[in-house]
Amino acid sequence: MQLIWENMQCCRQSQRDKPIRCKFKSFSSFPDLTILNLSSNALHGTIPAHIGTLTKLKIIDLSMNRFFNVLPLSLGNLTQLTTLYINENSISGTIPQEIGYLKNLIELELSSNFLTGSIPPSLGHLMKLTTFYLRRNNISGCIPQEIGKLKNLINLGTSFNLLTGPIPSTVGNLTKLTNLYINNNKFQVPSHEK
């Protein structure tokens, strides 16, 4: 099932110069929806706040489109969510603190957007998280100490951002970590280690 909402344009591969205006005003017709996969469709528009009414969603894949504007705070209502892919879009603004409400989240992929601000400390509430990718954004500030609470984390990628400060010592708590990509940032070595 393909769901498209109002003010979003859908471009057919064969007719990219003639976008089709698709209208979809509400998700209320699909209260039992568990998987929403709209990846690789050349869709553009904003992610509507009413996506947060689909509380049975377990998987959202909006990757490789042209979504823009900010992540809706209502994503925090989707507490059954295990997978959230919004990579390779044009999402801007900050990562909302409400991301910390997604306690069943296993995979979070936000790479290749225009996200700014810092990594919210509420990320530390996502105890089931195994994969967190935030590569190729404009994220600044320090990696929060709370990252060390993610004991199931296997993949962590924050490369190509503007992160600063020392890498928190709590990263040492991530004993299951197999892949760590933190290159191309502005990290500093603590003065006592120079």
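Under UniProt numbering, residue 194 is the last one in the sequence shown; the count climbs by one each step, no gaps. Cβ atoms here follow ideal geometry from the backbone N, Cα and C, with glycine treated the same way.
Residue 181 and residue 157 have their alpha carbons spaced roughly 4 Å apart.
The straight-line gap separating the alpha-carbon atoms of residue 41 and residue 166 is approximately 39 Å.
Between the alpha carbons of residue 49 and residue 159 lies a distance of about 29 Å.
The residue among 176, 39, 108, 67 with its C-alpha nearest the C-alpha of residue 126 is 108. Annotated as proximal: residue 123 and residue 100, with beta-carbon spacing under 9 Å.
Looking at the DSSP output, residue 133 bridges to 109, 157. Assignment of beta-bridge partners to residue 138 by DSSP yields no partner.
A check of alpha carbon separations from residue 36 across 70, 82, 97 identifies 82 as the nearest. For residue 74, there is no enclosing beta strand (DSSP E), since its DSSP letter is neither H nor E. By the neighbour-count criterion, in which a residue is buried when 16 or more other Cβ atoms sit within 10 angstroms of its Cβ, residue 112 is buried. Excluding sequence positions up to five before and after residue 178, its CB lies within less than 6 Å of the CB of 154, all in the same chain and listed in chain order. Beyond the five residues adjoining it in sequence on each side, residue 87 comes within less than 8 Å, by CB distance, of 63, 64, 109, 110, 111, 112, 113, 133 in the same chain, given in chain order. Between residue 47 and residue 67, the beta carbon gap of about 6 Å places them in contact (Cβ cut-off 8 Å). For residue 169, same chain residues with a beta-carbon under 6 Å away, outside a window of 5 residues either side, do not exist. In terms of Cα proximity to residue 92, the closest of 34, 77, 136, 145 is 136. Assigned with DSSP and collapsed to three states, residue 51 falls in helix.
According to DSSP, residue 162 shares a beta bridge with 140.
DSSP places residue 37 inside the beta strand (DSSP E), whose first and last residues are 35 to 37.
Burial of residue 77 is indicated by the presence of at least 16 other C-beta atoms within 10 angstroms of its C-beta.
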